[in-house]
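Working notes, structure below.
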Amino acid sequence: MKDTLLRLLNAYGAAGCEGNVTDVLASMVAPHCDEMRTDALGNLICIKKGAGRKVMVCAHMDHIGFVVTDADEKGFLRVGSVGGIRKSASINRRVVFENGVNGVLSNELDDFSADDRKMENLFIDIGAASRDEALSSVSIGDVAVYAPGAFELLNGVVAAPAMDDRAGCAVAVEALKALTDSANEVAFVFSAQEEVGLRGAKAAAYSIDPEIGISIDVTPSGDTPKGPKTAVKLGAGPCVKVRDSSLVCSPKVVRGLEAAAGRLGIAVQREVLTMGGNDAAAMQLTRAGVLAGTISIACRYVHSASEAVSLPDCERAAALLVEFLRNPLGE
Amino acid sequence: MVLRELCRLRGASGDEGRVRDFVRIHSEKYADSVTVDRMGNLLAFKKGASSHKHVMLAAHMDEVGFIVVGINDNGLLSYEPVGAIDPRAVISKPVLVGDNEVPGVIGAKAIHLQTKAEFEKMLRHDDLYMDIGAQSKAEAEKLVEPGDYATFASDWREFGEGLVKSKALDDRVGVMALMSILENEYPCDITCAFTVQEEVGLRGAICAGYNVEADEAIALEGTTANDLGDVPDPLKVCRVGRGVAISFMDRTSIANRPLFQRLRDTAIAAGIPWQLKQFIAGGNDAGAIQLSRGGVPTAVLSVPCRNIHSASSVASFSDIEAQFSLVDRYLRRECK
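Chains as they are written, first to last, in my numbering: chain C, 444 to 774; chain W, 128 to 463.
See below:
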């Protein structure tokens, strides 16, 4: 799990530019699946064939970033947001482009607030001295992300940018490798463009047409000082989502996940999120409707350069997913 | 001029019939099949000469406007905007109300009567009213009823060096380009989708994208040019007279990278003036079409419009020409 996660965390992959993550994932899972394809939105779809129920597993490859909209005469790049950028978590951070160009994301000082969503007063300094020099290194439309750099804390906690949702991708990869004896047809989708509106998952769910859809994603952990108001804790096991702002999970899937955890004897936490959304919502409303749910990984500092999760939580999430896929609805 | 005719037609979102009738007469002359789906989109299909690739081209027929929501005792009409309209852009503007084109003016309390606090506060649509000259509720009720649409009454005026001022340039420019495309022969199959209800949430395109089931799609739009006054360069979005704007990203879609690059390469190779849409703003039919069925690669080509969503949007004939030329050359060059 740890090696898989670290390899995935190092791959560049902003929303809309997931190609590098796709390549890393494809090399990991190719020997273990029957069919693999990409689609118009940039999803990587990996199928394990079976005659039973059709289940879609979805973890998103993309993460948030800053898209270059222009460069000024002095060579500073102007940016727009790609996904839910928190300005306060971004100031004076190292950022990196797909071609390896480094920069510092910083802000104008006059009349500045870190609490709004205005991106016009942010810029990226790549060290260029003029507009021409800047735009010879980076093109308008290129997207910068928080520079990779995972580090370990105590108790198997790992922090890095892009943990949302490479942690979910790593869980899906490990489950895909471990799932050797399922009668069900499982489509593992590594989805694109989740952070800009669950776009990849919507198209993938249509083409797969599953009966059951399960996403693997991070959720804010409520265990930091005066932190988010949620009962979810780091290290207390994978979370079974009940609802968030984007969907009410199918009770059948919630019960199916809890039953699978019971069969394994692992602890799970129920997650009720009063905000946020995830790919399960896109799957749920596809065609005539899909039984949708989510295994969440508790994560501190979501949408920052230090998104922190517990490795044991990830390992147990993978085990839970495998058991669920063998017998999704506890029959 | 076809564009002038198109801009004159009244067609707020949900009330596109007049535009559709105009487009239908033209399409039936040139397309292999013309259908109107249940949502009201007009889909004109034309078989390609040599390729089975199916390209969808989309332009929306609707324009921003107003809908009457109530008639007050004093004969004034309460209204809601249909689509995004800045209340500051409507005060004292003439409108036409309902199918009978009852003339009206949107009014606010006169400046002499406003308190300082009122003067400094931005007026909202709720604070404004539509005056059709009626003296009483009963008199107004003879002329209009709640649910009637109103549109800006605004002349077509050519001025400056190749500029035009009109209402509804967003997106009659795209509609006109697609009507011209239909007159030509291309190697690939094309469907020109004239969509409805774009301004209220890309609603027509959701169904059109599903119904057309294309291999790729290009939305032709009118988009914001914020190039007047003291606006820093990065916030200008795109500039009137600098060519067709190619989007890499907006609020509803990220352009399919290979398609984006092929369009840009086509513009460069053919010497067609083009620019990037440089600010992440707005959304358009591509956002809906890309998510239809199992996903469709999409891109957006726009004509920059100043004062968009107002009675007096301004565009350049050279940009309008460039939008058509780029689509035309792309279909000839890339879709063999």
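Ideal Cβ positions, reconstructed from N, Cα and C, are used throughout, including at glycine.
Using DSSP with H/G/I as helix, E/B as strand and the rest coil, what is residue i?
i                      : result
residue 757 of chain C : helix
residue 506 of chain C : strand
residue 589 of chain C : strand
residue 463 of chain C : helix
residue 450 of chain W : helix
residue 258 of chain W : strand
residue 540 of chain C : coil
residue 366 of chain W : coil
residue 457 of chain C : strand
residue 582 of chain C : coil
residue 738 of chain C : strand
residue 767 of chain C : helix
residue 415 of chain W : helix
residue 395 of chain C : Limits of chain C in this structure are 444 at one end and 774 at the other, which puts residue 395 of chain C out of reach.
residue 499 of chain C : strand
residue 550 of chain C : strand
residue 163 of chain W : strand
residue 312 of chain W : coil
residue 148 of chain W : helix
residue 476 of chain C : coil
residue 307 of chain W : helix
Report yes or no: is there a C-beta of chain W within less than 8 Å of the C-beta of residue i?
i                      : result
residue 575 of chain C : no
residue 711 of chain C : no
residue 500 of chain C : no
residue 523 of chain C : yes
residue 727 of chain C : no
residue 458 of chain C : yes
residue 563 of chain C : yes
residue 752 of chain C : no
residue 513 of chain C : yes
residue 450 of chain C : no
residue 510 of chain C : yes
residue 698 of chain C : no
residue 642 of chain C : yes
Examine chain C for any beta-carbon lying closer than 8 Å to the beta-carbon of residue i, and answer yes or no.
i                      : result
residue 403 of chain W : yes
residue 417 of chain W : yes
residue 406 of chain W : yes
Could you spell out the range, first to last residue, of the beta strand (DSSP E) harbouring residue i?
i                      : result
residue 602 of chain C : 600 to 603
residue 346 of chain W : 343 to 351
residue 645 of chain C : Not the beta strand (DSSP E): residue 645 of chain C falls in the alpha helix (DSSP H), residues 642 to 651.
residue 713 of chain C : 712 to 715
residue 384 of chain W : Counting along the chain, residue 384 of chain W falls outside any beta strand (DSSP E), though it belongs to the alpha helix (DSSP H) covering 384 to 397.
residue 184 of chain W : 181 to 187
residue 694 of chain C : Segment 694 to 707 is the alpha helix (DSSP H) holding residue 694 of chain C; no beta strand (DSSP E) there.
residue 724 of chain C : Residue 724 of chain C -> not in any beta strand (DSSP E); alpha helix (DSSP H) instead, spanning 722 to 727.
Using CA atoms only, rank isn't needed, just tell me which of the options is closest to residue i.
i                      : options                    : result
residue 187 of chain W : W/383, W/129, W/331        : W/331
residue 368 of chain W : W/354, W/362, W/249        : W/354
residue 266 of chain W : W/174, W/169, W/201        : W/201
residue 568 of chain C : C/562, C/604, C/577        : C/577
residue 417 of chain C : C/494, C/616, C/531        : Examination of residue 417 of chain C is not possible in this model, given that chain C is present from 444 through 774 alone.
residue 232 of chain W : W/248, W/204, W/243        : W/204
residue 571 of chain C : C/609, C/527, C/521        : C/521
residue 422 of chain W : C/465, C/456, C/488, C/457 : C/488
residue 463 of chain C : C/504, C/508, C/726        : C/504
residue 425 of chain W : W/274, W/346, W/403, W/171 : W/346
residue 705 of chain C : C/620, C/767, C/535        : C/767
residue 506 of chain C : C/755, C/773, C/608        : C/608
residue 552 of chain C : C/512, C/624, C/566, C/587 : C/566
residue 142 of chain W : W/172, W/193, W/170        : W/193
From which residue to which residue does the alpha helix (DSSP H) around residue i run?
i                      : result
residue 134 of chain W : 129 to 135
residue 555 of chain C : Unbroken run through residue 555 of chain C: none, as it is neither H nor E.
residue 607 of chain C : 606 to 621
residue 246 of chain W : 243 to 247
residue 330 of chain W : 330 to 339
* To do: Could you run through the stretch 475 to 486 of chain C and flag, in chain order, every residue whose CB is less than 9 Å away from some CB of chain W?
  => 482, 483, 484, 485, 486
* Proximal residues, the stretch 359 to 376 of chain W versus chain C, C-beta separation under 7 Å -> 360, 361, 362, 375, 376
* To do: Note down, in chain order, all residues in the stretch 576 to 589 of chain C with a beta-carbon under 7 Å from any beta-carbon belonging to chain W.
  => 583, 584
* If contact means a Cβ-Cβ distance below 8 Å, which residues of the stretch 644 to 664 of chain C contact chain W? -> 645, 646, 647, 649, 650
* To do: With 9 Å as the C-beta to C-beta threshold (strictly closer), list the residues of the stretch 412 to 444 of chain W near chain C in chain order.
  => 414, 417, 418, 419, 420, 421, 422, 423, 424, 425
* Which residues, in chain order, does the stretch 378 to 397 of chain W contribute to contact with chain C at a C-beta distance below 7 Å? -> 381, 383
* **Under 7 Å (Cβ pairs) to chain C, residues found in the stretch 332 to 363 of chain W** => 360, 361, 362
* To do: Taking only beta carbons into account, state which residues of the stretch 298 to 322 of chain W come closer than 9 Å to chain A, listed in chain order.
  => No chain A is present in this structure, whose protein chains are C and W.
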